[in-house]
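Asks: Chains as they are written, first to last, in our numbering: chain A, 1 to 466; chain B, 1 to 466; chain C, 1 to 466.
Yeah, the Cβ is synthetic: ideal placement off N, Cα and C, and Gly gets one too.
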Amino acid sequence: EQPRHQDMAKNTYMRWRLPLVCLLWEAAMIVLFGVFVRFGTEADAHWEEEKQEMNLTSDIENDFYFRYPSFQDVHVMIFVGFGFLMTFLKRYGFGAVGFNFLLAAFGIQWALLMQGWFHSFKDGKILIGVENLINADFCVGSVCIAFGAILGKTSPIQLLVMTLFQVTLFSVNEYILLNLLHVKDAGGSMTIHTFGAYFGLTVTRILYRPNLEQSKDKQGSVYHSDLFAMIGTLYLWMYWPSFNSAISDHGDAQHRAAINTYCSLAACVLTTMAFSSMLQKKGKLDMVHIQNATLAGGVAVGTSAEMMLTPYGSLIVGALSGIVSTVGYVYFTPFLESRLHIQDTCGIHNLHAMPGLIGGIVGAITAAAATEDVYGKEGFIKAFDFTGVYRTRTPSIQGGFQAAGIVVSLLMAFAGGAIVGGILKLPIWGDAAAENCFEDAVYWEVPEDEENDVYHMHNPDKPASP
Amino acid sequence: EQPRHQDMAKNTYMRWRLPLVCLLWEAAMIVLFGVFVRFGTEADAHWEEEKQEMNLTSDIENDFYFRYPSFQDVHVMIFVGFGFLMTFLKRYGFGAVGFNFLLAAFGIQWALLMQGWFHSFKDGKILIGVENLINADFCVGSVCIAFGAILGKTSPIQLLVMTLFQVTLFSVNEYILLNLLHVKDAGGSMTIHTFGAYFGLTVTRILYRPNLEQSKDKQGSVYHSDLFAMIGTLYLWMYWPSFNSAISDHGDAQHRAAINTYCSLAACVLTTMAFSSMLQKKGKLDMVHIQNATLAGGVAVGTSAEMMLTPYGSLIVGALSGIVSTVGYVYFTPFLESRLHIQDTCGIHNLHAMPGLIGGIVGAITAAAATEDVYGKEGFIKAFDFTGVYRTRTPSIQGGFQAAGIVVSLLMAFAGGAIVGGILKLPIWGDAAAENCFEDAVYWEVPEDEENDVYHMHNPDKPASP
Amino acid sequence: EQPRHQDMAKNTYMRWRLPLVCLLWEAAMIVLFGVFVRFGTEADAHWEEEKQEMNLTSDIENDFYFRYPSFQDVHVMIFVGFGFLMTFLKRYGFGAVGFNFLLAAFGIQWALLMQGWFHSFKDGKILIGVENLINADFCVGSVCIAFGAILGKTSPIQLLVMTLFQVTLFSVNEYILLNLLHVKDAGGSMTIHTFGAYFGLTVTRILYRPNLEQSKDKQGSVYHSDLFAMIGTLYLWMYWPSFNSAISDHGDAQHRAAINTYCSLAACVLTTMAFSSMLQKKGKLDMVHIQNATLAGGVAVGTSAEMMLTPYGSLIVGALSGIVSTVGYVYFTPFLESRLHIQDTCGIHNLHAMPGLIGGIVGAITAAAATEDVYGKEGFIKAFDFTGVYRTRTPSIQGGFQAAGIVVSLLMAFAGGAIVGGILKLPIWGDAAAENCFEDAVYWEVPEDEENDVYHMHNPDKPASP
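(1) Go to C:Val37, then tell me how far its beta strand (DSSP E) extends in each direction, as first and last residue.
(2) CB-CB under 6 Å to A:Pro241, same chain, minus the five flanking residues each way: which ones, in chain order?
(3) So if DSSP puts C:Lys122 in a beta bridge, which residue, or which two residues, is it bridged to?
(4) Could you compute how far the alpha carbon of A:His5 sits from the alpha carbon of A:Glu26?
(5) Give me the subset of the stretch 154-174 of chain B whose CB atoms are less than 8 Å from a CB atom of chain A, sorted by chain position.
(6) At the level of alpha carbons, what is the spacing between C:Asn100 and C:Ala433?
(7) Output needed in chain order: residues of the stretch 90-114 of chain B with a Cβ under 7 Å from some Cβ in chain A.
(8) Do we get a CB-CB distance below 8 Å when we pair B:Gln72 with the residues of chain A?
(9) What's the C-alpha gap between A:Gln115 and A:Asn132?
(10) Using a Cβ-Cβ cut-off of less than 8 Å, list which residues of the stretch 283-317 of chain C approach chain A; keep chain order.
(11) Between C:Ala418 and the rest of its own chain, which residues show a CB-CB distance below 8 Å, the 5 nearest in sequence each way excluded?
(12) 8 Å is my cut-off, CB to CB: does B:His75 come that close to chain A?
(13) Please check if any C-beta of chain B sits within less than 8 Å of the C-beta of C:Cys22.
(14) To the nearest angstrom, report how far apart C:His456 and B:Val222 are at their CA atoms.
(15) Do C:Met308 and C:Val374 have their beta-carbon atoms positioned less than 8 Å apart in this structure?
(16) Between the stretch 51-64 of chain C and chain B, which residues of the former have CB atoms less than 8 Å from a CB of the latter, in chain order?
(17) Mapping the DSSP letters down to three states, classify C:Trp444 as helix, strand or coil.
(18) Closest Cβ-Cβ distance between C:Val420 and chain B: below 8 Å?
(19) Helix, strand or coil: how does DSSP classify A:Leu426 here?
(20) Alpha carbon to alpha carbon, how far is B:Gly152 from B:Ala96? Give it in angstroms, no decimals.
(21) Quick one: residues in its chain with C-beta nearer than 8 Å to the C-beta of A:Leu301, no 5 flanking neighbours on either side, listed in chain order?
(22) So, is the C-beta of A:Tyr455 closer than 8 Å to a C-beta in chain C?
(23) Helix, strand or coil: which one does DSSP assign to C:Ser189?
(24) Is A:Leu207 helix, strand or coil when you go by DSSP?
(25) Mark C:Ile428 as exposed unless 16 or more other C-beta atoms lie within 10 angstroms of its C-beta, in which case mark it buried.
(26) Could you work out which residues of chain C lie near B:Thr271, taking near to mean beta carbons separated by less than 8 Å?
(27) What would DSSP say about A:Ser245, mapped onto helix, strand or coil?
(28) If you drop the 5 nearest sequence neighbours on each side, which residues of the same chain put their C-beta closer than 6 Å to that of A:Asn350?
(29) Is C:Leu285 helix, strand or coil when you go by DSSP?
(30) Could you work out which residues of chain B lie near A:Gly251, taking near to mean beta carbons separated by less than 7 Å?
(31) Bridge partners of C:Ser221, per DSSP?
(32) For the stretch 161-180 of chain B against the stretch 223-232 of chain B, are there 3 or more C-beta pairs whose distance is under 8 Å?
(33) Any idea what DSSP makes of A:Lys153, helix, strand or coil?
(34) Using the beta-carbon of each residue, which ones in chain C are nearer than 7 Å to A:Val469?
(35) Count Cβ pairs between the stretch 405-412 of chain C and the stretch 175-185 of chain C that sit closer than 8 Å; are there 3 or more?
(36) Which whole runs of the beta strand (DSSP E) in the stretch 20-57 of chain B are 3 residues long or more, in chain order?
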């Protein structure tokens, strides 16, 4: 069998490099987990005794029952949602689902450690429970977002290296926001979306490929790949209420976050459809917009969903973000590529960056506008955790800190992305040449006859050999 | 690039019409939500205080934890279940998933308002919680059903217009059944399936297209589109126990509804497979039956699932409905088309109309047969809510009212479907000509090369241009 | 239309045989359910009274709320997980999803009865609740595993016959392990995976087809069928924490089981990727490994997940099982086929048999190593149910019994598989000839034009007739 791509200038041979990275890192995880990670109180067999001490009369009070259903929904969003959303490319389905699987599986382990050191460290041990699993998934979500910008242009090793660094930076940024600035961001408009998207955009800027038009024919979708992508879209869309409510306070906050997100996403679909048709000469709908911009409503209420945003507030935010995102796909993405040399495969600038900023700003405004009247005396304190040293914080000051959180996230994203982009630019990671981008055959065994079929289709003058 | 369909007699240009409808209606939603919709007690930040007043000791008593997992399952059924079930057509996958997405996203907003006015209106405000979200999804479910009858033959604007009216009529019908007749219908055999299906069948009758055989070649499936459809089928099948139990009373009623539905659906699969093979000369199984008739068991216990139907009762109902539905696909659907001019793309008559009627009847019988012995004294009162003005109602009277509910649903469906069908017949909505039905390219940007490939396949003598 | 497969030496005509089996068996189910099956306490309308007797203050104490979300996840794993995992074959997608649907729908009914007689029998009735539904799904899971070995080579009737016997034997084996040996196996490493896999491997050994290379061209995948299979993989992977925790004790045990499984699966992905690349000359990743071996980590903690395995213990087990499973696909599967005449279509030996054994052994070791110090005094007794006649059991004795459970499961699998394989070898069940294996057209109506397309692709010299 002769090689199909004669021009592989670059060495994409993974045989020893990829296994080495995977095995060494997994070994490191095992050692670090061995030293640091233990079950939290509610997952430890000692809970029987804890329960008595805490005066709990029922097992249902275990945090597992408050959060596990949401956790599973978030888990589906990370692995099926992001994985399949990126299968829209005609010849990169294996890479989309498979590399997303790889980086997320590594990322959640590293995130359990990093976030654990910052948030769940007690007596030299990281104590984990279901909330840690959700947070690890969240952290990896920001990597999946960044992956969207460089989809099809990087080797699996580059993705693992990026994951290692991005999870680390995410955790630092999250610590600054949640612990030092005392910012609320349950659905992660700032920590996940703004940070993840601008990080990814910076990385892809640094990895700019001037000859990428050589693989232009593979950058599009085919009919069935667009349907596979819709699986990803719909699971993200449907489960986003769980995403934004998963780590909110028990009770009304989780309940409210789900309702706000539900409303925002519903509105977002209508404005996306409207602008998708309006911005196209023939007035036809574009699957790229439906697959992506319909989700902007979830991103844009990520900070404020657990606040008293109100259902109509959510509709406004969702409607607005659908418009911004769709306009972004039509006008900003080509602009970013041609003028700023930012090649953004999935258009994360439109789905995560801009809606993430909107989310941060809406969160700051909603926090600044909070009153005891709207929240109730106790609800007000609980919603913003105005206790201890934060006892005297006012809503307007909280709004200011929320805004600062946006700025910090942006700075971390740009600085971190620049450094990590520089590292990924080193010629040792096995990325493909420009003409082989967006092509699974570089890193995957691709079924023979299908390849022939497709080959045949695109080259009707050549007979397909069975 | 030359136009592919030269004969577009009708004006399907959506550029201004679709955006206008979407944006105006979304604006209306925002205004109406602003005036009317607020968080219910359990989603409002005041809940901290309510909890004390209601003497609740734990956040787990929030309705969110009773219903949110079921809500998410129902949500998946509406968007992935119905959406993908309809992707079986070879060239209408975008329309199936995408238009279902559009109409459902609009419909849930309008349903929150309509159902809110009828059921959650207090002091001039609609107070919403997770149960409202489920009910909105349910209401939209009936529109998705009606969509099945007209799939491939209508413009997105027609679908939005139908959704507006059908949600309105659904809510009126639901109010009559639940509040005036005091009927039980937790899984919606009558309100969702019977109403939705006969409404859709009436609409498609009025929109009868005499020349539909011109797009005959596009009315079938291809191998992979049948697999996409199975994603929809399985999610509907698996989550149906959640559907039928989602709004039942807390505790045993939800538990029982899930078990009954599980049993009914299991039995339904076996009789569907049996009749699919038996009714075909070559004895081979037909994917159309497996995709649809296996679900009839869920429809047919929609009213009675929360009652003491018993597991064997559920098996009987499920087995029966699988048979009726499969026979319907083989014999009734062609009859309806040729004799009654009812063109029912997805065969909703077999999956929703007949099983919905069975469900209503089984519900009436099960209610009429209820005894204090079977339900227990308190359980009996709770199951049928025989309190207040209904204190003196007997099971047989309840059975009579249940039967009346079927009749009312049918009348509402026929009358409403006739009116809405008439409105949709106006030549201003941009529906396609008969020869362009079941074709995504009319309303969607379809990936170029795939179209070429398929074109090439069907026209081997013509070379495929890249 | 002329027959496509002229050489059908065997009679695969299903028209009367399949309907007869389906209808008779469903009738039997109805009768047996009518005699035996009733609602358990928590699903019966009498629960209102029970609640008072049991002094329960809230409906949330109903087992439904502890287990229903996990049940739905398990349900998805059985029907979408296993169903789509097996769609990787290019021409057997209908059979994979459809026959899995059929056998599982029958199997859960029969399992409710068989397991009910052993575990939920009271006063002549089987009393069922949500835990019974989970256990029925579990039992059927072992049949889905065995189906993987014989995928593409058996008729639907053979699958139903196998299901009947395997569910019966599963229930006996489960009774021996759980009740007689008092073994812990919440995630079923022994009862589900070891038993199911070795049962299936024995069956496929007895059904050995010497001429199977005649359908070699259909044993592979095509590009899109590999993506469909990834849907199955990911749902199995994501929901496995629910699988292993679904029937664990309320509270910390369920919580712990989910965390251990999450960790094990994450580690498994990295070692699978590493070895998939390493064991291939070109260093490319193989979708077969990614689709299957990434799941071995879930199997391998099936017994120990609810024990104090600890997160790092889970990483070790997961990492190890990923390696064993991938190595199995590369070296053992060809060996089993060529030397032992075991034709294992899906490679269940690598995904379920070996990881299942690992799971049993790890469970035995973890149990033997348990101490009151690690579990707490009460937690220790609760975790292993060392009450009543088992009051005096020590961890090391428990470890011994756990090991005995592995041996019993193996013996039951071999003996049962041999008998059932012999029954399935009878020439009356309508299986296809070797050259028609892995081909949907034998038992399914396959869309005409797609078949032509594919036919055309493989035979470019023949024109495709429309």
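Replies: Taking the geometry as given:
(1) Taking the third sequence and counting its residues from 1, the one referred to as residue 37 of chain C is at position 37. Per DSSP, C:Val37 belongs to the beta strand (DSSP E) from 37-39.
(2) As a position in the first sequence, residue 241 of chain A is number 241, starting the count at 1. So the list reads Ala258, Thr261, Tyr262, once near-sequence residues are dropped.
(3) Translated into positions along the third sequence, residue 122 of chain C becomes position 122. Paired residue(s): C:Lys125.
(4) As a first step, residue 5 of chain A is located in the first sequence; it is residue number 5 there, counting from the start. As a first step, residue 26 of chain A is located in the first sequence; it is residue number 26 there, counting from the start. For A:His5, the pLDDT reaches just 45, beneath the cut-off of 50, and the residue's location in the model is therefore unreliable, although a value from the coordinates is still provided. Those two C-alpha atoms are separated by around 33 Å.
(5) Pro156
(6) The count along the third sequence starts at 1 and reaches residue 100 of chain C at position 100. The count along the third sequence starts at 1 and reaches residue 433 of chain C at position 433. Cα to Cα, C:Asn100 sits roughly 21 Å from C:Ala433.
(7) Gly93, Phe94, Val97, Gly98, Phe101, Leu102, Ala105, Phe106, Ile108, Gln109
(8) For the purposes of this step, residue 72 of chain B is taken as the residue at position 72 of the second sequence. Taking Cβ atoms only, chain A reaches closer than 8 Å to B:Gln72, which makes this a yes.
(9) Along the first sequence, one-based indexing puts residue 115 of chain A at 115. Along the first sequence, one-based indexing puts residue 132 of chain A at 132. Cα to Cα, A:Gln115 sits roughly 8 Å from A:Asn132.
(10) Of all residues in the stretch 283-317 of chain C, the ones placed with a Cβ closer than 8 Å to any Cβ belonging to chain A are Gly283, Lys284, Leu285, Asp286, Met287, Ile290, Thr294, Met308, Thr310, Pro311, Tyr312, Leu315, Ile316, in chain order.
(11) Numbered from its first residue, the third sequence carries residue 418 of chain C at position 418. Thr202, Ile206.
(12) Indexing the second sequence from 1 puts residue 75 of chain B at position 75. It does: the Cβ of B:His75 has a partner Cβ on chain A nearer than 8 Å.
(13) Residue 22 of chain C sits at position 22 when you count from the first residue of the third sequence. So yes, C:Cys22 belongs to the interface.
(14) As a first step, residue 456 of chain C is located in the third sequence; it is residue number 456 there, counting from the start. As a first step, residue 222 of chain B is located in the second sequence; it is residue number 222 there, counting from the start. Note on C:His456: pLDDT 36, under 50, position unreliable in the model; the coordinate value appears next. About 15 Å.
(15) Taking the first residue of the third sequence as position 1, residue 374 of chain C is located at position 374. Taking the first residue of the third sequence as position 1, residue 308 of chain C is located at position 308. Yes, these two residues count as a Cβ contact at 8 Å.
(16) Lys51, Ser58, Asp59, Ile60, Asn62, Asp63, Phe64
(17) Here the question's residue 444 of chain C lines up with position 444 in the third sequence. Three-state DSSP puts C:Trp444 in a strand.
(18) What you label residue 420 of chain C is simply residue 420 of the third sequence in a count that begins at 1. With its beta carbon at least 8 Å from every one in chain B, C:Val420 lies outside the interface.
(19) The residue you call residue 426 of chain A lines up with position 426 of the first sequence. Reduced to three states, the DSSP call for A:Leu426 is coil.
(20) For this step, residue 96 of chain B is matched to residue 96 along the second sequence. For this step, residue 152 of chain B is matched to residue 152 along the second sequence. Approximately 8 Å, taken between the alpha carbons.
(21) For the purposes of this step, residue 301 of chain A is taken as the residue at position 301 of the first sequence. This sequence places Val at residue 301 of chain A; Leu is not what is there. Once the five neighbours on either side are set aside, the close Cβ partners of A:Val301 are Gly187, Ser189, Asn244, Asn260, Thr261, Ser264, Leu309, Ser314, Val317, Gly318, Gly359, Val362.
(22) Working through the first sequence from its first residue, we reach residue 455 of chain A at position 455. Bear in mind that the predicted position of A:Tyr455 carries a pLDDT of just 36, short of 50, making it unreliable; the figure below should be weighed with that in mind. For A:Tyr455, not one C-beta of chain C is nearer than 8 Å to its own C-beta.
(23) Position 189 of the third sequence, counted from the start, is the residue given in the question as residue 189 of chain C. Three-state DSSP puts C:Ser189 in a helix.
(24) In the first sequence, the residue the question calls residue 207 of chain A occupies position 207. Note: A:Leu207 maps to coil in three-state DSSP.
(25) What you label residue 428 of chain C is simply residue 428 of the third sequence in a count that begins at 1. With fewer than 16 Cβ atoms within 10 Å of its Cβ, C:Ile428 is classed as exposed.
(26) The residue given as residue 271 of chain B occupies position 271 in the second sequence. The answer, in chain order, is Cys22, Leu23, Glu26.
(27) Walking along the first sequence from the start, residue 245 of chain A turns up at place 245. Of the three classes helix, strand and coil, the one that applies to A:Ser245 here is helix, per DSSP.
(28) The residue you call residue 350 of chain A lines up with position 350 of the first sequence. Contacts found: Ser325, Gly328, Tyr329.
(29) The residue labelled residue 285 of chain C in the question sits at position 285 within the third sequence. C:Leu285: strand per DSSP, three-state reduction.
(30) Numbered from its first residue, the first sequence carries residue 251 of chain A at position 251. Here the neighbours are Trp47, Asp59, Asn62.
(31) What you label residue 221 of chain C is simply residue 221 of the third sequence in a count that begins at 1. C:Ser221 pairs with C:Leu89.
(32) no
(33) By one-based count along the first sequence, residue 153 of chain A stands at place 153. Of the three classes helix, strand and coil, the one that applies to A:Lys153 here is coil, per DSSP.
(34) Limits of chain A in this structure are 1 at one end and 466 at the other, which puts residue 469 of chain A out of reach.
(35) yes
(36) 37-39
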